[in-house]
Structures are given as C-alpha cells and as structure tokens.
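*Asks:*
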Amino acid sequence: MDKFVIEGGKILNGSIPASGAKNSVLPILAASIMTRGTSVIRNVPDLQDVRTMMRILEYLGAKITFKNGTIEIDSSDINRCDAPYEFVKTMRASIALLGPLIARFGKAQFSLPGGCVIGPRPIDLHIKGLQKLGVDINIEDGYVIASVKSGLKGNYVFLGGSFGSSVLATANVMCAATVAKGTTVIEFAACEPEIVDLANFLVKMGAKITGIGSPCLTICGVKKLSPAEHKIIPDRIETGTFLLAGAITRGNVTVEKCQPLHLGAFLERLGETGVSIKSGRNFIAISGISRWKPVDVVTLAYPGFPTDLQAQMMAFLSLADGVSVITEKIFPERFIHAGELNRLGASIQLDGSRAIVRGVKKLLGARVMASDLRASAALVLAGLAAEGITEVSRIYHLFRGYHKFEEKLNYLGAKITRQKDTT
Ligand code: EPZ
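Residues in the sequence shown are numbered from 74 upward in steps of one, following the numbering used here.
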C-alpha cells in the first residue's frame, strides 16, 4: 500500500481544470445499458470507481473503450443481469445498475451493498420505488432478486426517506420509469446536478422527462431508447476540494472548467469565513487570508451544503479563529476523519450528528490513516497546512474519486510524495 508524505506550509497558487463528475459518470454508464448499440460519454475522469463500473459492465457483456477521457460503450451483447458481491462490495454505487437492468431485461440479481465507513447504506427507497413500478423484489442470501411479471407500469412514487431524498434511488426509479407503460411521477426526487445530468442523458436516449432539476419528476414511458452521446458535467466536489486546498494554505487558487452554479451553498459558507471568492461562467477563484472566521455548516441534499465536502470543510475550519459547528444531516456518522484531524492537533468534539470544531492556531504534522474517499482528501488538506511532515496512509481510497490528486496539488505548489507504506 502507498502513503503520501506531505511537507506542510507550502502556499498553493495557480489554476487547475476541474475533471468530469464521478457521481455523474457512474449512473450514466449504468443507464447506457438500457439500449442496444454504442453510447459515447465524454469528459470522463480516469478514476478507480469508473474502472470498477467498466469491469462490471464488461462482466455483463458490454464492450467498452476508454481513450482520452471518452468512453464508448456498446451494450448490444449484454447477456447477464446479475451483479455479484465481489463487485458491489468494492463500489456501492454499482447499485445504480439495478434500475437499468430491470428496464432492459425485466429482472436483476444484485448483491446487497455493504455499509461503509460513512454509515449504513440502506436501499429501502430503491426497493420501494421499483416495487411501485410493478417490480417484484425479494432479498435472499444477501441478494436483491428483482423480476417484472407483467411489465413495468408507471405510477406515483414518493421517494422521501428519513434522511430526505436519495440520489441513486432517484436514478434507479427514473431509469426504470423511462420504459414503463404509462406515466410516473417521482415526488421528493433528488435534485443533485448529477441527477440532472443523468436525466439529460436519458432525454438524449429518447426518454420523456419533465421537471428535471426539481423535486418532482414526471416521466412518460416510451417503447424504446437509443444510444446517445453526452459530455459529463464538471465535478463540483473535486472543485470544492481544490478551492479549500488554496484557502487552507492561504494561497490563490482558481479552478477552471467548473460550474459555480453547482456550488452555491458551499461558496456561501466559504465566503462567510472571510475568504475572498470571484467566480465567472466556468471558473471560481479564491484568495486565501491569514486567519478566517468560524462558520456553522449543516449538510443537506442539493442545493444545500454537500455532505461530500463536509470532511474537507472540517479540515479548513479546524484552523478558524473560533468555534464552528458542523451538523451532518445526510450521513450522521460521517465523522471518521475527526479523530485523525485531532491527531494533527485539531480540537474537534463529536456529539451525535454534530461536530464542534474549536479552531486552533496551528496543526502539527503526524502520521494519519485515510478511511474513505472524502475523509482522505480532508487529511491531505490538513497535511498541506500542518507544520512539518504529515504521512497519510491507505491513500488508495483517494484514487476512487480524485484523478492525479497529488500531481494537481504539487502543480499548485504543494510538496507531496507518494511512497511505499512499509509499516
Ligand atoms: C450519492 O450516494 C453519492 N454517490 C454520495 O457520494 C453522496 O454522499 C450521496 O449521494 C449524498 O449526496 C454517488 O452518487 C455514486 P443517498 P447515494 O441515497 O445515492 C439514505 C462520494 O463520496 N437512504 O442520496 O448512495 C442514506 O442512508 C459518495 O462521492 C435511505 O435511507 O446516497 C443517506 O442517509 C459518498 N434509503 C441519505 O438517504 C435508501 O434507500 C442519502 O443517501 C437510500 C438512501
């Protein structure tokens, strides 16, 4: 296993482009199997999760090429509709195949996704939503066994759960509804930009969807879909992560080829800390300050503050001039990074789904361990600001969602080396 060795105290300056959004690519690749023929997906980041999804699709029988950020996927010869545990356990997002497999084959066998370090990952909303469209679903030996006897039928589906909307449950039900007989209304649908991107791809495939971007989607079923070409939206979480890398090192960082409109809540909070922010049609520039103000953050479904930027924001606020309270409303247990940040000298106390972050004057380099994708990014950000050397082990988590992470940070002036972790 590899580790990052970070020499802290370097100020990051400069511009980098945002990559395509991981959480848009995954459901769109899944949706492309709903029709025979070849779809072309552009602006695809070369990430481990993308490679995992490609492996699953090839296992199902798809033929895929991935060159210079473009994936061509020919789903004509897909002849399986099962997703075994060894795939699903490595990437929970493979659940995004459930709806498309049912839409194409009228059946699917899917390993129940395990939990993960950010908390339990139930799929009750996926199951409830698909059942409303006429899918028979049983759970047997850790597998979801789904089948449709007399065809998918449009229906009214309420998809609100105890934590609000569900991104991938919305994706699954929307995909299945595109070829259901009749009209489906999805109430309390997720409004994340990645769901909008998926809906726009489905419309290019011939789906009839209105209300895109709103919590109420109306889908009129069509007889068949066709392959489509699509360019993936910029990754808002990667964008926010790099802006915080600039802010925590008191530098001036611009992220280009991004979509500022997808980061409203995040930029609002970041601006309240005193960091100066300039943005245009497709760029965001921040100018760091020596000491920033604390802010309270509550993670919510889009357009609220994204849970996927919570850990990175906690790292930044650990050096604020006062106390910040972070409330995690999406994944209440998503605080595994707090303990590791405290090893770097932060002063963070957990109280259920809240983290009390008492700003400290400085962080001190130490050895810390990454645990999930976004927590790993938070530890790297803290290491950039800490005095001395920080070693982040188990950095393989990062490669799931960040393409050339350390290269991009080093290009901005960081000093990060990747080394074998012999401990
Ligand atoms: C997507 O996961 C993202 N993953 C996550 O990003 C992101 O954190 C999450 O949405 C929330 O924005 C992808 O898009 C691949 P949810 P998803 O269903 O769809 C509860 C990253 O770091 N829930 O929107 O699995 C659930 O427990 C990843 O890129 C149910 O109760 O998340 C959570 O509390 C991490 N029942 C809340 O809803 C269900 O059936 C939101 O989860 C489904 C979810």
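Glycine included, each C-beta is placed from N, C-alpha and C at the ideal position.
No experiment lies behind these values; they were computed from the predicted model shown.
For residue 83, I'd like the list of residues in its chain whose CB is within less than 8 Å of its CB, leaving aside the five on either flank, ordered along the chain.
*Replies:* Same-chain partners within the cutoff: 322, 457, 486, 487, 488.
*Asks:* Under the three-state reduction of DSSP, which class applies to residue 157: helix, strand or coil?
*Replies:* DSSP places residue 157 in coil when its eight states are reduced to three.
*Asks:* Would you identify the three-state DSSP class for residue 130, choosing helix, strand or coil?
*Replies:* Helix, per DSSP.
*Asks:* On a Cα-Cα basis, can you pick out the residue from 315, 307, 196 that is closest to residue 216?
*Replies:* Selected option, being the one with the closest Cα: 196.
*Asks:* What is the DSSP secondary structure of residue 492, reduced to helix, strand or coil?
*Replies:* Residue 492 falls in the strand class under three-state DSSP.
*Asks:* Here's the rule I'm using: 16 or more other beta-carbon atoms within 10 Å means buried, otherwise exposed. How should residue 422 be labelled?
*Replies:* Exposed: under 16 other Cβ atoms inside 10 Å.
*Asks:* Can you give me the Cβ contacts of residue 340 inside the same chain, cut-off strictly under 8 Å, excluding the 5 residues immediately before and after it?
*Replies:* Once the five neighbours on either side are set aside, the close Cβ partners of residue 340 are 333, 350, 352, 357.
*Asks:* Could you give the C-beta distance for residue 144 and residue 102, rounded to a whole number, given that I count them as a contact under 8 Å?
*Replies:* About 7 Å separates the two Cβ atoms, so the contact holds.
*Asks:* I'd like the list of long-range same chain contacts for residue 434, defined as Cβ closer than 7 Å, with 5 residues on each side in sequence excluded.
*Replies:* So the list is empty, once near-sequence residues are dropped.
*Asks:* Spell out the partners DSSP gives residue 290 in its beta bridges.
*Replies:* DSSP, once it has assigned bridges, lists 259 as partnering residue 290.
*Asks:* Taking its Cβ as the centre, do 16 or more other Cβ atoms sit within 10 Å of residue 473, making it buried, or is it exposed?
*Replies:* Answer is buried; the Cβ neighbour count reaches 16.
*Asks:* So what does DSSP say about residue 386, is it helix, strand or coil?
*Replies:* Of the three classes helix, strand and coil, the one that applies to residue 386 here is helix, per DSSP.
*Asks:* If you follow the beta strand (DSSP E) that residue 423 is in, where does it begin and where does it stop?
*Replies:* Start and end: 420-424.
*Asks:* If we count Cβ pairs, one from each stretch, closer than 8 Å, do we get three or more for the stretch 190-209 versus the stretch 155-164?
*Replies:* Too few Cβ pairs lie closer than 8 Å, so no.
*Asks:* Going by DSSP in three states, residue 343 sits in which element: helix, strand or coil?
*Replies:* Note: residue 343 maps to helix in three-state DSSP.
*Asks:* Which residue marks the beginning of the beta strand (DSSP E) containing residue 464, and which one marks its end?
*Replies:* 462-466 is the span of the beta strand (DSSP E), which, as asked, contains residue 464.
*Asks:* If you pair each beta-carbon of the stretch 241-261 with each one of the stretch 281-301, do three or more pairs fall below 8 Å?
*Replies:* These segments touch.
*Asks:* Is the distance from the Cβ of residue 113 to the Cβ of residue 302 below 9 Å?
*Replies:* Yes, they are a contact pair.
*Asks:* Pick from 259, 404, 142: whose alpha carbon is nearest that of residue 194?
*Replies:* For the residues 259, 404, 142, the minimum Cα distance to residue 194 belongs to 404.
*Asks:* Could you check where the alpha helix (DSSP H) with residue 484 kicks off and where it finishes?
*Replies:* 478-484 is the extent of the alpha helix (DSSP H) around residue 484.
*Asks:* For the ligand EPZ, is there any heavy atom lying closer than 8 Å to the beta carbon of residue 457?
*Replies:* No.
*Asks:* Just checking, does the stretch 174-186 make contact with the stretch 208-228 on the three C-beta pairs under 8 Å criterion?
*Replies:* Yes, they touch.
*Asks:* To the nearest angstrom, how far is it from the Cα of residue 416 to the Cα of residue 439?
*Replies:* Approximately 7 Å, taken between the alpha carbons.
*Asks:* I'd like to know if the stretch 312-329 and the stretch 267-285 are in contact, where contact means that at least 3 CB-CB pairs between them fall below 8 Å.
*Replies:* Cβ pair count under 8 Å is below three, so no.
*Asks:* Go ahead and pull the three-state DSSP assignment for residue 100.
*Replies:* Helix.
*Asks:* Do you know whose CA, among 106, 110, 118, lies nearest residue 97's CA?
*Replies:* Cα-wise, what sits closest to residue 97 is 118.
*Asks:* Could you check if residue 426 belongs to the surroundings of the ligand EPZ, using beta carbon to heavy atom distance under 8 Å?
*Replies:* Flag unset: Cβ of residue 426 not near the ligand EPZ.
*Asks:* Within the stretch 187-236, note down every full beta strand (DSSP E) run reaching 3 residues or more, in order along the chain.
*Replies:* Segments of the beta strand (DSSP E) lying fully in the stretch 187-236: 209-213, 216-220, 229-231.
*Asks:* Span of the beta strand (DSSP E) holding residue 442?
*Replies:* From DSSP, the beta strand (DSSP E) with residue 442 extends over 440-442.
*Asks:* Please classify residue 325: does DSSP put it in a helix, a strand, or coil?
*Replies:* Note: residue 325 maps to strand in three-state DSSP.
*Asks:* Can you tell me which of the three DSSP states residue 362 falls into?
*Replies:* In the structure shown, residue 362 sits in coil (DSSP, three-state: anything other than H, G, I, E or B).
*Asks:* Nearest to residue 312 by CA position, among 299, 330, 451, 116, is which residue?
*Replies:* If we check each option's Cα against that of residue 312, 330 comes out closest.
*Asks:* Have a look at residue 475 and residue 122 and give me their C-alpha separation to the nearest angstrom.
*Replies:* If you take the alpha carbons of residue 475 and residue 122, they lie about 10 Å apart.
*Asks:* For residue 166, which residues of its own chain have a beta-carbon under 6 Å away from its beta-carbon, when the five flanking residues on both sides are left out?
*Replies:* Cβ within range, chain order: 99.
*Asks:* In this structure, how does DSSP classify residue 378 when only helix, strand and coil are distinguished?
*Replies:* Three-state result, residue 378: strand.
*Asks:* With DSSP as the reference, label residue 277 as helix, strand or coil.
*Replies:* Helix, per DSSP.
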